[in-house]
Amino acid sequence: MGGILLSRPADVAYDIGGWVGEYLEKVTDQWLHPVPAANPGILEMFRDRDRRPLRDMMPWAGEFAGKYLTSAVQILRLTGDPDLRERIAAFAKELTALQADDGYLGPWPKRSRLTGTAPNGGKKVSTWDAWGHYHAMLGLLLWHEDSGDRGALTCARRMGDLICRKFLGKAAPGGKRLVDTGSTEMNLAVIHSLCLLHQRTGGGGYLDMAVQIAEEEFPAAGPDGPLAGDYKRAALAGTEFFETPKPRWESLHPIMGMLELSRITGEEEYASAFEQIWWSIVKLDRHNNGGFTSGERAQGNPYHQGAIETCCTIAWIAMSVEMLRLTGHSVVADEIELSTLNSVIGLHSQSGRWVTYDTPMDGVRKASAHHIVFQAREGTPELNCCSVNGPRGLGMISDWALMVDAAPERDGAQGLVLNWYGPSEMSATVAGASVKLIQETDYPRRNRVRLLVEPSRAVEFTLKLRIPYWSERTRVRVNGDSVKDVKSGTYLSLKRRWKRGDSIDIDLDFSLHFWKGQKECGRKVSVYRGPVLLTYDRRFNEVDPPRLPELDAAMMKGKLVRHSGAGISPFMLLEYAAGEGERLRLCDFASAGEGGSPYVSWLKVKNVKATRYSPANPLRSGRVN
Numbered sequence: 060m061g062g063i064l065l066s067r068p069a070d071v072a073y074d075i076g077g078w079v080g081e082y083l084e085k086v087t088d089q090w091l092h093p094v095p096a097a098n099p100g101i102l103e104m105f106r107d108r109d110r111r112p113l114r115d116m117m118p119w120a121g122e123f124a125g126k127y128l129t130s131a132v133q134i135l136r137l138t139g140d141p142d143l144r145e146r147i148a149a150f151a152k153e154l155t156a157l158q159a160d161d162g163y164l165g166p167w168p169k170r171s172r173l174t175g176t177a178p179n180g181g182k183k184v185s186t187w188d189a190w191g192h193y194h195a196m197l198g199l200l201l202w203h204e205d206s207g208d209r210g211a212l213t214c215a216r217r218m219g220d221l222i223c224r225k226f227l228g229k230a231a232p233g234g235k236r237l238v239d240t241g242s243t244e245m246n247l248a249v250i251h252s253l254c255l256l257h258q259r260t261g262g263g264g265y266l267d268m269a270v271q272i273a274e275e276e277f278p279a280a281g282p283d284g285p286l287a288g289d290y291k292r293a294a295l296a297g298t299e300f301f302e303t304p305k306p307r308w309e310s311l312h313p314i315m316g317m318l319e320l321s322r323i324t325g326e327e328e329y330a331s332a333f334e335q336i337w338w339s340i341v342k343l344d345r346h347n348n349g350g351f352t353s354g355e356r357a358q359g360n361p362y363h364q365g366a367i368e369t370c371c372t373i374a375w376i377a378m379s380v381e382m383l384r385l386t387g388h389s390v391v392a393d394e395i396e397l398s399t400l401n402s403v404i405g406l407h408s409q410s411g412r413w414v415t416y417d418t419p420m421d422g423v424r425k426a427s428a429h430h431i432v433f434q435a436r437e438g439t440p441e442l443n444c445c446s447v448n449g450p451r452g453l454g455m456i457s458d459w460a461l462m463v464d465a466a467p468e469r470d471g472a473q474g475l476v477l478n479w480y481g482p483s484e485m486s487a488t489v490a491g492a493s494v495k496l497i498q499e500t501d502y503p504r505r506n507r508v509r510l511l512v513e514p515s516r517a518v519e520f521t522l523k524l525r526i527p528y529w530s531e532r533t534r535v536r537v538n539g540d541s542v543k544d545v546k547s548g549t550y551l552s553l554k555r556r557w558k559r560g561d562s563i564d565i566d567l568d569f570s571l572h573f574w575k576g577q578k579e580c581g582r583k584v585s586v587y588r589g590p591v592l593l594t595y596d597r598r599f600n601e602v603d604p605p606r607l608p609e610l611d612a613a614m615m616k617g618k619l620v621r622h623s624g625a626g627i628s629p630f631m632l633l634e635y636a637a638g639e640g641e642r643l644r645l646c647d648f649a650s651a652g653e654g655g656s657p658y659v660s661w662l663k664v665k666n667v668k669a670t671r672y673s674p675a676n677p678l679r680s681g682r683v684n
C-alpha cells in the first residue's frame, strides 16, 4: 500500500544558516517580495479574462500565480519571515477574489474555459487550463495548511467541484472527458490536487474523479494513438519511463496523483507503478548534477546534452520527496540532497534575483528571462514557468530536512529522522517533548558535523541519522563514545534517553568518488566530493575549456583554497595537480558559471574504476582503480 513511512513534523521549525540560508534570504528579498508588484499581470490576467481585446498569453500562463504561491509558502516554512507571510496572505486574498461564480480560476474567456482551446493573439491555441487550476489548488491548499485560511480552502474546493461537474462520468458517447481537452500530461495533473482535496475534506466527488482519471483517462487512446501516459499499466509491465507515451516532465505531477490515490484507496498497484517510474528515472534520466530530463522529456540517457529545465528538476524533487515518504529509504534522501545542493542551488543566481531555464552539465548559465523571454507578456515582464517555480526547489527542504517515523516505536513514541546536514537549528515535538537539533558545521564544504541535541526535558526516542551511500567510511560518536556498525546507504538508529548537553559527532567520508561516463560523455568523468559535483569554471583557471588537462584520480589530493580574485567567490574551491606542472581548480557545481563564464562538469580523468548502476549506488559511484 502506498502509505507514509516518513512525514514532516507538524510543528517543525527551522533556522537554516550558512550557504543555503543566504540563498533563502536573497530569494525572499529579491524575488518573492517584488514579484506581485513588478508583475501585476500575474493576477490581472484573471481579472480581465473576458475583456476585449483578449490578452496575448502563453497556453500555460494560468500556472504562474499558483506556482508563485506554492514557492512562497514553502520558502515561508523555512524562514518564518513575517513580511513574506503578509505578502502571501494579501496575494491569496486577491487571487481567491478573482474566482468566477462557477468556480473557474483561470485566464481564458468564458466560452473557452476548460475546453482545451481558446482565442489568443488573433488565433486559437491549445490551453493548459486544468494545469493552471492544478497549480492554483496546490498553492491554496498549502497556504490553508499553514495559515488556516478558510477562503483558500473554499476556493480550492470550488475549483475541484467545477472539474467534477464538467468531467466526472463524461466518458459516455457524446461526453467530453478531461483527456479530450488535450495537453494531457499537463491537464491530467489535477488528479494530484483532487486527491489532496479529498484527503482534506473527505467529499465532493474528488475521489471518483481521481479514479476516473487514473483508470479511464491515463490509458485513453484516439485514432492516432495514446492520448495520455498510461502510467500505471506501462510501469507495471516494466516499461521504462522514457518509453511511455508521454514522458515529459509535467507527467510527474499526475504520477504523484497516482501515488496519493494509492494512499486513499489502498490499491497497491498505484504505489508499485510510482516506485517503478521513480527508479527508472534515477537509472536513465537523472543527470550528474541531479537535474532531470533533457529537452523537457525523458530520453533514457543521462548523458544526453539537451536542456535540463528548471521546472523539470523541481518536479523531480517533488516526486522524490513523495518517494521518501513512501519508502523511508535513505538513498532517496541522498538523491534529493544531490539534486538540491547541485542543480537547485545552481539554477539560482547568488543575488536571488533570477533563475536559469536550462542548467546544463557543461556550458553556460543564462537567466530564464533571456532564455525563454517569449513567455513574457503584458504585465508579466519577468514571469515564466521557471522563474515562479525555481524557489520551490529551495522551499522543499522543509519537506525532507527533518522527518518523523510514521510507525511508532514499541513504546508508542515516534522517532526523528535527520536528512539535512548543514549549519542549522531545527526543532520538533517528539515523545511529548520539544527537541532542538543544532548543527555546528561547514558542511558540505567540510565533512564534519557536530550535532547538539537539546530536549526541553530528558526524553527517550530514536534519532535516525542519514548515512549517505557515497560515504564508505563514516565515523559517529555520541558524547565522545564511538558507535559501531555504521553502514553507508542506511539510517543509523540511535535510541537513548536524550538530555540537554548530548552531542553527536559525524565524520563523513569525503574521499573523491567518480561517475565514469558513457555515450556523449564517453571517456569523461564526473568528480564528487561528498554530495557536491566538482566543476571546472574558466574564472578560476588559466587554462581554457578546449585545453583542459587530464587529471589522475590516483593522484587527486586536492586542497581547499580561497578565491582571491575579483568577482563573486564560489562556495567551495579546490586545487589539484594536473600533470606537467599544471594546476586545475574545481569549484562546486552550484557556483559554476555564476559570472557568465563557461564551465565543465564532465572532465578528463584517468584511473577511474567503472561501476554499474544499482539501487544501492544510483550515482554509479566508484573510486580509483
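The opening position of the sequence shown corresponds to residue 60 in our numbering, with each subsequent residue numbered one higher. Glycine residues also receive a C-beta, built at the ideal position from the N, C-alpha and C atoms.
Short CB-CB distance (under 8 Å) between residue i and chain D
{"i": "Lys291", "result": "Going by chain labels, chain D is absent from the structure shown, which holds only one protein chain."}
Counted within 10 angstroms of its Cβ, other Cβ atoms place residue i as buried (16 or more) or exposed
{"i": "Ala69", "result": "exposed"}
{"i": "Leu320", "result": "buried"}
{"i": "Gly638", "result": "exposed"}
{"i": "Asn179", "result": "buried"}
{"i": "Asp161", "result": "exposed"}
{"i": "Glu437", "result": "exposed"}
{"i": "Thr129", "result": "buried"}
{"i": "Arg621", "result": "exposed"}
{"i": "Arg509", "result": "exposed"}
{"i": "Glu601", "result": "exposed"}
{"i": "Arg146", "result": "buried"}
{"i": "Ala280", "result": "exposed"}
{"i": "Glu349", "result": "It is Gly, not Glu, that sits at residue 349 in the sequence shown. Buried."}
{"i": "Ser389", "result": "buried"}
{"i": "Leu135", "result": "buried"}
{"i": "Lys305", "result": "buried"}
{"i": "Asp109", "result": "exposed"}
Own chain partners of residue i with C-beta closer than 6 Å, once the 5 adjacent residues on each side are dropped
{"i": "Val184", "result": "Pro118"}
{"i": "Val542", "result": "Val535"}
{"i": "Thr243", "result": "Leu286 and Ala287"}
{"i": "Ser353", "result": "His363 and Gly365"}
Residue i versus the options, residue with shortest Cα-Cα distance
{"i": "Ala177", "options": "Asn448, Glu153, Gly234 and Thr240", "result": "Thr240"}
{"i": "Leu221", "options": "Leu197, Thr243, Gln158 and Thr260", "result": "Gln158"}
{"i": "Ser446", "options": "Met116, Val71, Gly80 and Ala131", "result": "Ala131"}
{"i": "Arg111", "options": "Gly181, Arg679 and Arg236", "result": "Gly181"}
{"i": "Trp661", "options": "Ala636, Tyr672, Ser673 and Phe648", "result": "Phe648"}
{"i": "Asp564", "options": "Asp88, Lys558 and Asp540", "result": "Asp540"}
{"i": "Arg536", "options": "Arg555, Thr549, Ser562 and Arg525", "result": "Ser562"}
{"i": "Gly62", "options": "Thr500, Asp464 and Tyr480", "result": "Asp464"}
{"i": "Gly589", "options": "Val602, Arg671, Pro503 and Glu609", "result": "Pro503"}
{"i": "Glu441", "options": "Ala426, Leu83 and Gly452", "result": "Ala426"}
{"i": "Gly297", "options": "Arg679, Trp167, Ala669 and Phe333", "result": "Phe333"}
{"i": "Phe351", "options": "Thr372, Leu343, Asn360 and Tyr362", "result": "Thr372"}
CB contact flag (residue i, residue j, <8 Å)
{"i": "Met455", "j": "Ile376", "result": "yes"}
{"i": "Lys152", "j": "Gly210", "result": "yes"}
{"i": "Lys575", "j": "Val659", "result": "no"}
{"i": "Leu592", "j": "Lys523", "result": "no"}
{"i": "Ser66", "j": "Arg384", "result": "yes"}
{"i": "Pro482", "j": "Gln498", "result": "yes"}
{"i": "Pro527", "j": "Leu571", "result": "no"}
{"i": "Glu381", "j": "Trp308", "result": "no"}
{"i": "Pro450", "j": "Val86", "result": "yes"}
{"i": "Ala357", "j": "Phe277", "result": "no"}
{"i": "Glu609", "j": "Lys665", "result": "yes"}
{"i": "His192", "j": "Val249", "result": "yes"}
Own chain partners of residue i with C-beta closer than 7 Å, once the 5 adjacent residues on each side are dropped
{"i": "Ile323", "result": "Cys254, His257, Gln258 and Leu266"}
{"i": "Lys495", "result": "Glu484, Ser486 and Glu513"}
{"i": "Asp470", "result": "Residue confidence for Asp470 is low, a pLDDT of 48 falling below 50, so the modelled location carries little weight and cannot support an answer."}
{"i": "Phe569", "result": "Asn506, Arg588 and Gly589"}
Any 3 or more C-beta pairs closer than 8 Å across the segment 273-290 and the segment 313-320: A contact exists between the segment 273-290 and the segment 313-320.
Any 3 or more C-beta pairs closer than 8 Å across the segment 617-630 and the segment 650-668: In short, these stretches touch, since the Cβ pair count reaches three.
Touching by the beta-carbon criterion (3+ pairs, under 8 Å), the segment 664-684 and the segment 608-624: Yes, the segment 664-684 touches the segment 608-624.
Would the segment 567-583 count as touching the segment 409-417 if we require 3 or more Cβ pairs under 8 Å? No, they do not touch.
For the segment 334-344 against the segment 415-423, do three or more pairs of beta-carbon atoms, one drawn from each stretch, fall closer than 8 Å, so that the two count as touching? No, the segment 334-344 does not touch the segment 415-423.
On the three-pair Cβ rule with 8 Å, is the segment 86-104 touching the segment 486-493? Because the criterion of three Cβ pairs below 8 Å is not met, the segment 86-104 and the segment 486-493 do not touch.
Counting Cβ pairs, one atom from each stretch, are 3 or more of them under 8 Å apart for the segment 512-525 and the segment 420-435? Too few Cβ pairs lie closer than 8 Å, so no.
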